[in-house]
Amino acid sequence: MAAEGQSRSVRLPEHVIARVEDRLPRTEWDEPEEYITYVMEEVLYRVEQETDDEEFEGVDEQEVEDRLKSLGYLNE
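The working numbering runs 1066 ahead of the 1-based position in the sequence shown.
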């Protein structure tokens, strides 16, 4: 796992990048990487908050997909 401040490349579909770039003017971020990092941290934080440390429950993939659609990151 990369330490905080370090980064790795992740491949994303071009249509996702285009949608992120379209949203940038309505955000506080200047670069797609910054915005994508913020969104991923938010999604992960919420998923982690829903998970009880003592009893791990699998992530409901449909719930995550629905949330990403509602945020505009996935096509309907």
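Built from N, CA and C at the ideal position, the CB exists for glycine as well. Computed from a predicted structure; not experimentally measured.
So, residue 1086 versus residue 1101, is the Cβ gap smaller than 8 Å? Here residue 1086 is taken as the residue at index 20 of the sequence shown, counted from 1. Here residue 1101 is taken as the residue at index 35 of the sequence shown, counted from 1. For residue 1086 and residue 1101, yes; Cβs fall inside 8 Å.
Pick out whichever of 1136, 1129, 1110 and 1099 has its Cα sitting closest to the Cα of residue 1076. The sequence position of residue 1076 within the sequence shown is 10, counting from 1. Residue 1099 is the option with its Cα nearest to residue 1076.
Terminal residues of the continuous alpha helix (DSSP H) containing residue 1128? In the sequence shown, the residue the question calls residue 1128 occupies position 62. Where residue 1128 is concerned, the enclosing alpha helix (DSSP H) stretches over 1127-1136.
Quick one: what does DSSP say residue 1115 is sitting in, helix, strand or coil? The count along the sequence shown starts at 1 and reaches residue 1115 at position 49. Looking at residue 1115 - three-state DSSP - the assignment turns out to be helix.
Reduced DSSP category for residue 1079 - H, G, I as helix; E, B as strand; rest coil: Numbered from its first residue, the sequence shown carries residue 1079 at position 13. DSSP places residue 1079 in coil when its eight states are reduced to three.
Cutoff 8 Å; reference residue 1113; Cβ partners in own chain excluding five residues on either side: Along the sequence shown, one-based indexing puts residue 1113 at 47. Excluding residues within five positions, the ones whose Cβ falls inside 8 Å are 1125 and 1130.
What's the gap between the Cα of residue 1107 and the Cα of residue 1115? For the purposes of this step, residue 1107 is identified with residue 41 of the sequence shown, where counting begins at 1. For the purposes of this step, residue 1115 is identified with residue 49 of the sequence shown, where counting begins at 1. So the alpha carbons of these two residues sit roughly 12 Å apart.
Just to confirm, is the Cβ distance from residue 1138 to residue 1089 under 8 Å? By one-based count along the sequence shown, residue 1138 stands at place 72. By one-based count along the sequence shown, residue 1089 stands at place 23. In this structure, residue 1089 lies closer than 8 Å to residue 1138 by Cβ.
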